[in-house]
Structures are given as structure tokens and as C-alpha cells.
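S.K.: Going by numbering that gives the first Met the number 0, the sequence shown runs without a break in its numbering and finishes at 235. Note that the Cβ used here is the ideal one computed from N, Cα and C, for glycine as well. Small disclaimer: the values here were computed from a predicted structure and weren't measured. First, the structure itself, so that you have it in front of you.
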Amino acid sequence: MTFDPTQNRATLSPEAVAQLVADREAGTPGPWREAQTWRPPIGNGPHNDMVNGNIFWGYSISGSDENGGHIYPTLAAVHNFPDHVHANARRIARLPDLEAAYLTLAAENATLRHNNDIRRQNMRDSWEAMQAMRGAINEHLPLPSIESDLMQGPENSVFCEVVATAVIGALSTLRASEAAALERVKVLEAGLADPVSVHANMLRGAIAMPSFANIKHLYAAEFAALTPTADKEPKT
């Protein structure tokens, strides 16, 4: 087991996890059980902890077969100090469950870290996209920058509101200007369609007066009627 100071947590190396999995597959399956173990006394010394002629020896740890049945002891906890040996036996018996829990949590942790990496990358992509958006909009519509106000930075949702408010305001102004321009065009078109209005604006200098040649071109038929021809010349 190693301690990763950057993550402030202890972890098993990939090699240790691989060995753990291999040992679980090759070893005795769980759940394990702890049980008291007794043996005949050795020697003639006094034995105050004898039961049925046997002396307490410690605790054995046994596993389970594929059907969950009890099998031969896997190992023995032979520490012959009752104040500690039972607790140690229980701790050893928990090992398969702890291994299974560790592998489950490690898999969940790997998934969470993978999803967190994706989320962080999405946040970076969003930051860059919003910076690019602000830069593009700023060429036409100045916006606050993160340097002037941290709350206006792309990482803050307030910036979205600022952009939306500014863009909507600019679009509203543009649309109002467009509507006014279209209305003005209608007025001009109506004025240009009225000869009296055109004449009055020519006199005021608002509209350029056509040249004499232009007038003859516009009124070609009328000028033709005024021009003398051989058959219309006065007789003497």
C-alpha cells in the first residue's frame, strides 16, 4: 500500500490489486469463520482453562465451499492470549469481505474519477468557448472582462446573464433602427412617386434637377410635338 500525497489517500498499486485478485481466485473462498480450537494438554503443568480434558489453544479460521458449507481450517490464530486472540481472529475472518469491498469501491472510484475527468474537461471546453464568444462579441459590443470584475468571468453564470442582456439589448436597438429605416423608406418612396413633391424638393435643392437633355429624354413625345417639320412649316 502506498500513500499518494497529491490525493491525500492510501492506495494499492496496480500490481498489488492484481495479486489480490489472483490470491482470491486461488485461495479459500469466503465467508471465513473463526472458531475456538482445543487440544490435549502437553506436559503435566497446571491448566486452568481445560474443557473436557482439552486445553484452549486459540482460534482457527475456516472457509466455505462453493455451496457455503464449512471446510477445513484455512489458518490458525495461535496467539494464546485471550485478551487479544479472539479480536485478531475476527479481524482475519473479515479479510475476504474486506477484499471484496475494496475491489467494489475501487471500481466505483475509478468510474467516478473517469466521470469527473470528463466533467472537468467539459468545464474547460465551456470556459474556452465562452472566452471565444466574449472575444467575438467584444469586437462589436464591449463586455466586462474577468480582469475588471471576477463575477463577469466565463466561469461564472453571471457572465451568461451579462452577455444575454447585452446582446438582447443590442438586438432590440438594431431592430428598432431597422423598423424606423423601413418606415423612412416608405415615406421617401411615396414622396418620389408624387411629381409635385419631387418638383418642390428640386426647388429646395433636396433632389438634384435633371439636365435639359434628361428632360428632353423624359418628355421625348412632347418635345417631338413642339419641333417643326416640313409638312408643319407655316405657309407664306
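My guess is that Val20 and Ala105 are in contact by the Cβ rule of under 8 Å, so how many angstroms apart are they, rounded?
M.R.: Here residue 20 corresponds to residue number 21 of the sequence shown, with the count starting at 1. Here residue 105 corresponds to residue number 106 of the sequence shown, with the count starting at 1. Rounded, the Cβ-Cβ distance is 11 Å, inconsistent with contact.
S.K.: Using 8 Å as the cut-off, can you tell me whether the stretch 90–100 makes contact with the stretch 19–34, which would need three or more C-beta pairs spanning the two stretches below that distance?
M.R.: Yes, the stretch 90–100 is in contact with the stretch 19–34.
S.K.: Just reading off the alpha helix (DSSP H) that Tyr218 is part of, what are its end residues?
M.R.: Here residue 218 corresponds to residue number 219 of the sequence shown, with the count starting at 1. Per DSSP, Tyr218 belongs to no alpha helix (DSSP H) and is neither H nor E.
S.K.: Would you identify the three-state DSSP class for Ile60, choosing helix, strand or coil?
M.R.: Your numbering for residue 60 matches position 61 in the sequence shown. Ile60: strand per DSSP, three-state reduction.
S.K.: Span of the alpha helix (DSSP H) holding Ala134?
M.R.: Mapped onto the sequence shown, residue 134 falls at position 135. With the sequence shown as reference, residue 134 is identified as Gly, and Ala is not the correct amino acid for it. That run of the alpha helix (DSSP H) goes 94–137.
S.K.: So, is Arg119 buried or exposed, given that buried needs 16 or more other C-beta atoms within 10 angstroms?
M.R.: Position 120 of the sequence shown holds residue 119. Under this definition Arg119 is an exposed residue.
S.K.: Nearest-angstrom Cα distance between Tyr58 and Thr36?
M.R.: Numbered from 1 along the sequence shown, position 59 holds the residue referred to as residue 58. Numbered from 1 along the sequence shown, position 37 holds the residue referred to as residue 36. So the two alpha carbons sit approximately 5 Å from each other.
S.K.: So, Val195 versus Ile206, is the Cβ gap smaller than 8 Å?
M.R.: Along the sequence shown, read from residue 1 onward, the residue named residue 195 stands at position 196. Along the sequence shown, read from residue 1 onward, the residue named residue 206 stands at position 207. No.
S.K.: So the alpha helix (DSSP H) Ala205 belongs to, where does it begin and stop?
M.R.: The residue labelled residue 205 in the question sits at position 206 within the sequence shown. Where Ala205 is concerned, there is no enclosing alpha helix (DSSP H), given that its DSSP letter is neither H nor E.
S.K.: Quick check on the burial criterion: 16 or more other C-beta atoms within 10 angstroms. Buried or exposed for Val186?
M.R.: As a working mapping, residue 186 is identified with position 187 in the sequence shown. With fewer than 16 Cβ atoms within 10 Å of its Cβ, Val186 is classed as exposed.
S.K.: Keeping to the same chain, check which residues put their C-beta closer than 6 Å to that of Pro153; ignore five residues upstream and five downstream.
M.R.: As a working mapping, residue 153 is identified with position 154 in the sequence shown. The predicted model places Pro153 with a pLDDT of 49, which falls under 50 and marks its position as unreliable; any figure quoted below should be read in that light. Counting only Cβ-Cβ distances below 6 Å, and skipping sequence neighbours, we find Trp126, Met129, Gln130.
S.K.: Can you give the Cα-Cα distance for Leu181 and Arg112, rounded to whole angstroms?
M.R.: As a working note, residue 181 is residue 182 in the sequence shown. As a working note, residue 112 is residue 113 in the sequence shown. Cα to Cα, Leu181 sits roughly 58 Å from Arg112.
S.K.: For my contact list, Val166 and Arg133 are in at a C-beta cut-off of 8 Å; report their separation, rounded to the angstrom.
M.R.: Translated into positions along the sequence shown, residue 166 becomes position 167. Translated into positions along the sequence shown, residue 133 becomes position 134. In fact, because the Cβ distance is near 11 Å, the residues do not count as touching under 8 Å.
S.K.: For Ala17, report the span of its alpha helix (DSSP H) as first-last.
M.R.: Translated into the one-based positions of the sequence shown, residue 17 becomes position 18. First-last of the alpha helix (DSSP H) with Ala17: 13–25.
S.K.: Can you tell me whether Ile60 is buried or exposed, with buried defined as 16 or more other CB within 10 angstroms of its CB?
M.R.: Position 61 of the sequence shown, counting from 1, holds the residue named residue 60. Buried.
S.K.: Indicate whether Gly62 and Thr27 have their beta-carbon atoms separated by less than 8 Å.
M.R.: Taking the first residue of the sequence shown as 1, we reach residue 62 at position 63. Taking the first residue of the sequence shown as 1, we reach residue 27 at position 28. Taking 8 Å as the Cβ cut-off, Gly62 and Thr27 qualify as a contacting pair.
S.K.: Verify whether the separation of the beta carbon atoms of Arg23 and Glu107 is less than 8 Å.
M.R.: Working through the sequence shown from its first residue, we reach residue 23 at position 24. Working through the sequence shown from its first residue, we reach residue 107 at position 108. Contact flag unset, no.
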